[in-house]
Structures are given as structure tokens and as C-alpha cells.
Amino acid sequence: MQPAFKDTKGISSDTIDVLANIAGVMDSMASADKVTDDDWDRIIAINLTAPTKLIRAVLPFMRAKKNGAIINLCSKAALSGAAAGVAYTASKHGLLGVTKNTAFRFRDEGIRCNAICPGGVMTNMARSMNKETMDLEAAAVWGQVLALHMKPGEMPHVTVSEIAEAVLFLASDGARSINGVALPIDNAWSTI
Numbered sequence: 001m002q003p004a005f006k007d008t009k010g011i012s013s014d015t016i017d018v019l020a021n022i023a024g025v026m027d028s029m030a031s032a033d034k035v036t037d038d039d040w041d042r043i044i045a046i047n048l049t050a051p052t053k054l055i056r057a058v059l060p061f062m063r064a065k066k067n068g069a070i071i072n073l074c075s076k077a078a079l080s081g082a083a084a085g086v087a088y089t090a091s092k093h094g095l096l097g098v099t100k101n102t103a104f105r106f107r108d109e110g111i112r113c114n115a116i117c118p119g120g121v122m123t124n125m126a127r128s129m130n131k132e133t134m135d136l137e138a139a140a141v142w143g144q145v146l147a148l149h150m151k152p153g154e155m156p157h158v159t160v161s162e163i164a165e166a167v168l169f170l171a172s173d174g175a176r177s178i179n180g181v182a183l184p185i186d187n188a189w190s191t192i
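Its first residue numbered 1, the sequence shown is counted upward by one per residue in the UniProt record's numbering.
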């Protein structure tokens, strides 16, 4: 991530219109009493620190042209404490805070910052989980909440395409008055 923004001399103020922070990794469902330092540091670095640094890197260009849209992919975990382990939950709560802070701070400069908070989506995120440190006790508790959203064996309701469409909409002029929102795309999972 650093090399991409280390030298910004070749980037003009007309170059960056949209930043979509999409990347993220899942934790091992560990609660506060079992999370390892390595898992905590990795999850926070990827899910919170990297997006914040990317926002910091693009803001000068967006401020120069008084226009820009930043979309952060958060999670249902940004809205609840009952969706994942402590590291993932903290990282997504933190990213939602960055979203709202950025939206408010730069609202008068033509810069919008919004969050999309998907529920279960069929992606490869499960591969990012550290199976060696999996907190099976906490995962069982989390499974009770998941069962309210999906029946056992059922696939997630939300598609990657639906998330992409929301990103495109929030980046568009049609969303120019939408700023600082946390948009759940989760088939009402965030209502529980």
C-alpha cells in the first residue's frame, strides 16, 4: 500500500474522483479474552489502518477540486457486537467512525464519505480467517445470531454484484446529497 502513494508527484488534482476501500479480512471469532496480538494487529492494519491511510492520501486531491466520493466497505459488524470476533468488530466499528468523521469534516468541501455495511455475502473472506486461533466457543455463540439471518446450510442472501451496485451509486452524482451514512445491505440482518 505505501509504494502506491509514496510518490504522488505524478498525480494531478483532476485524477482522483472516487476512493472505494473494499479490501478486508476476517478474524478467528476470538473474543477479547482470546484474541492474539498477531491477529489483532493484522486485522486492525488491513481493515482500519490501511483504509484510513488511503483516505489521507486522496484527500488533498479531492480538496483541491472540491469534489470526491469515498466509500468504505464496513460490515454488519460495524453496527453490532454480535457478528464476528473482537478484532474484526473493532476494526469495522473504527472504520465507521472514520467514515462519519471524514463526512462531517469535509462536507463543506464537496467530499462525501459513506459506508456500506453488508451482512453475509458469498466471498472468499473465510479463507482469511486464522483457523489455528479459531475461538470455537465464541463462534458457537455467534452462530446463534447467524441462524437468525440464515437457515443452516443456506447461502448468504446478498451478492457481490449488489454490493458493487451500491458502491457505484454512492460514487455517482445521484448520491451527491448522501454523506455520512452507514448503508446496510443485509436482507434486514442489521435489524436484529
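The C-beta atom is built at its ideal place from N, Cα and C for all residues, glycine as well.
The model shown is predicted, which means the values in this text are computed figures rather than measured ones.
Does the beta-carbon of residue i have 16 or more other beta-carbons within 10 angstroms, so that it is buried, or is it exposed?
i	result
Ser-91	buried
Pro-51	buried
Val-86	buried
Arg-112	buried
Asp-38	exposed
Ile-22	exposed
For residue i, report the span of its beta strand (DSSP E) as first-last.
i	result
Ile-70	68-73
Looking at the secondary structure, which residues open and close the alpha helix (DSSP H) in which residue i lies?
i	result
Ala-164	160-171
Ile-43	37-44
Under the three-state reduction of DSSP, which class applies to residue i: helix, strand or coil?
i	result
Val-18	strand
Ile-55	helix
Ala-175	helix
Ala-188	coil
Ala-182	strand
Ala-50	helix
Does residue i get closer than 8 Å to chain C when you measure Cβ to Cβ?
i	result
Asp-33	The question asks about chain C, but that chain is absent: this structure has only one protein chain.
For residue i, collect the residues of the same chain with a Cβ closer than 7 Å to its Cβ; drop the 5 residues on either side in sequence, then sort them by chain order.
i	result
Lys-66	Glu-109 and Gly-110
Asp-135	Ser-28, Met-29, Ala-30, Ser-31, Lys-34 and Gly-85
Thr-15	Phe-61
Ala-166	Ile-116, Leu-183 and Ile-185
Arg-107	Asn-179
Thr-102	Ile-55, Ile-70 and Cys-113
Excluding five sequence neighbours on each side, which residues of the same chain lie with their C-beta closer than 6 Å to the C-beta of residue i?
i	result
Leu-170	Ile-71 and Asn-114
Lys-100	Gly-180
Cys-74	Lys-92, Leu-95, Leu-96, Ala-115 and Cys-117
Problem set entry | Complete alpha helix (DSSP H) runs within the region 60-121 (minimum length 4 residues, chain order) | If we require 4 residues or more, the alpha helix (DSSP H) runs fully inside the region 60-121 come out as 86-105.
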